[in-house]
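Below is one structure, written out as structure tokens; comments come after it.
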Amino acid sequence: MQLPVFVVDAFTVESFRGNPAAVCLLENELDEETHQKIAREMNLSETAFIRKLHPTDNFTQSSCFGLRWFTPATEVPLCGHATLASSAVLFHKIKNVNKSITFLTLSGELKARQADEGIVMDLPLYPTYPKAHEEVQDLIQVLGTVRVQDIHYSPDTRKLLVRLDDSYGRTEAPATPQGLSQGETSPDSYWSQQLGKKEMRAFQCSCRGGEMKISLRDGGRVDITGQTALVLEGNLTI
Numbered sequence: 002m003q004l005p006v007f008v009v010d011a012f013t014v015e016s017f018r019g020n021p022a023a024v025c026l027l028e029n030e031l032d033e034e035t036h037q038k039i040a041r042e043m044n045l046s047e048t049a050f051i052r053k054l055h056p057t058d059n060f061t062q063s064s065c066f067g068l069r070w071f072t073p074a075t076e077v078p079l080c081g082h083a084t085l086a087s088s089a090v091l092f093h094k095i096k097n098v099n100k101s102i103t104f105l106t107l108s109g110e111l112k113a114r115q116a117d118e119g120i121v122m123d124l125p126l127y128p129t130y131p132k133a134h135e136e137v138q139d140l141i142q143v144l145g146t147v148r149v150q151d152i153h154y155s156p157d158t159r160k161l162l163v164r165l166d167d168s169y170g171r172t173e174a175p176a177t178p179q180g181l182s183q184g185e186t187s188p189d190s191y192w193s194q195q196l197g198k199k200e201m202r203a204f205q206c207s208c209r210g211g212e213m214k215i216s217l218r219d220g221g222r223v224d225i226t227g228q229t230a231l232v233l234e235g236n237l238t239i
């Protein structure tokens with residue numbers, strides 16, 4: 002059996018920048034072991050699996066699909082950049098005719114729509130709460146001479162958000178050995194409170210970079226807008 006597979010760089014318009022994710026299109030559901038083997042073979046931070054929900058569905062006309070994300074080690078409940086990559090495959094490569102697509106996921110219904118600035122994802126917003134420095138003293142010591150300005154915790158994602166001195170920027174540290182991408186919206190909540198803004202632009206301070214537009218909405222949701230670059234397409238034989 003052959004499965005269509007793509008590699009998409011998210012939050013960028015240039016190949017080899019942004020966040021890479023693999024995307025597989027599934028005509029039928031696969032067993033858990035096969036999902037995991039494929040993710041391990043792709044060997045990216047996340048591999049997304051888009052599946053049809055009904056036998057009569059097709060990737061060009063249907064507007065609702067199942068979506069799962071796997072790291073090389075385990076399934077994760079949410080991955081923002083792999084959701085953007087999945088949406089880009091459907092909209093730009095498969096030429097899905099709908100303006101908006103709904104994904105059924107472990108984190109509930111996620112929507113993606115096309116816009117002038119890219120693809121807009123409707124994701125859950127995970128709030129963060131202050132954390133006493135004494136509770137994470139070991140982490141602070143690991144940072145050495147870098148001054149820690151603030152520490153917040155997201156109970157929904159079980160992630161720590163560590164704000165460093167502004168001359169160093171910020172970073173996130175996982176509280177559990179899971180993909181960092183599932184905590185992507187926690188910084189949105191934090192910085193909205195700090196800056197008093199609901200509309201922001203963010204730049205990813207990494208060697209690959211990445212840019213996104215963030216818009217907080219009522220009801221605990223956030224719109225994240227980003228662009229993508231398709232860098233690889235082919236078939237996976239299983």
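In our numbering, the protein residues as written are 2 to 239. Even for Gly, the Cβ is constructed at its ideal location relative to N, Cα and C.
Query: Residues bridged to residue 71 (per DSSP); Result: 48 and 76
Query: Limits of the unbroken alpha helix (DSSP H) element including residue 87; Result: 81–89
Query: Enclosing beta strand (DSSP E) for residue 226 [first to last residue]; Result: 222–227
Query: Local Cβ density within 10 Å of residue 130, reported as buried at 16 or more and exposed below that; Result: exposed
Query: Contacting residues, own chain, Cβ-Cβ under 6 Å from residue 4 (five flanking each side not counted); Result: 25 and 237
Query: Inter-residue spacing [alpha-carbon to alpha-carbon] between residue 125 and residue 235; Result: 32 Å
Query: Local conformation of residue 35 per DSSP, three classes; Result: helix
Query: Enclosing alpha helix (DSSP H) for residue 196 [first to last residue]; Result: 187–196
Query: Residues near residue 60 in its chain [Cβ-Cβ closer than 7 Å; skip 5 each side]; Result: 26, 91, 95 and 97
Query: Residue 226 to residue 107 span [Cα, whole Å]; Result: 21 Å
Query: Alpha carbon of residue 119 to alpha carbon of residue 228, nearest angstrom; Result: 5 Å
Query: Of the residues 123, 231 and 29, the one placed nearest residue 55, counting alpha carbons only; Result: 29
Query: Reduced DSSP secondary structure (H/G/I, E/B, other) of residue 153; Result: strand
Query: Under the three-state DSSP convention, the category residue 41 falls into; Result: helix
Query: Whether residue 40 touches residue 86 by CB criterion (8 Å); Result: no
Query: Simplified DSSP assignment, three categories, for residue 240; Result: Because residue 240 is not part of the residues shown, which for the chain are 2 to 239, the question remains open.
Query: Same chain, Cβ closer than 6 Å to residue 69, neighbours up to 5 away in sequence not counted; Result: 50
Query: Contacting residues, own chain, Cβ-Cβ under 6 Å from residue 169 (five flanking each side not counted); Result: In this prediction, residue 169 has a pLDDT of 47, which is less than 50 and means its spatial position is unreliable; what the coordinates show is noted afterwards. 147.
Query: Per-residue DSSP class, three states only, for residue 53; Result: coil
Query: For residue 178, the three-state DSSP class (helix, strand or coil); Result: Per-residue confidence for residue 178 stands at a pLDDT of 32, beneath the threshold of 50, marking its modelled position as unreliable; the derived number appears in the next sentence. Of the three classes helix, strand and coil, the one that applies to residue 178 here is coil, per DSSP.
Query: CB of residue 111 within 8 Å of CB of residue 84, strictly; Result: yes
Query: Validate contact between the region 128–144 and the region 155–165 using beta carbons, cut 8 Å, 3 pairs; Result: yes
Query: Beta-bridge partners of residue 4, as assigned by DSSP; Result: 237
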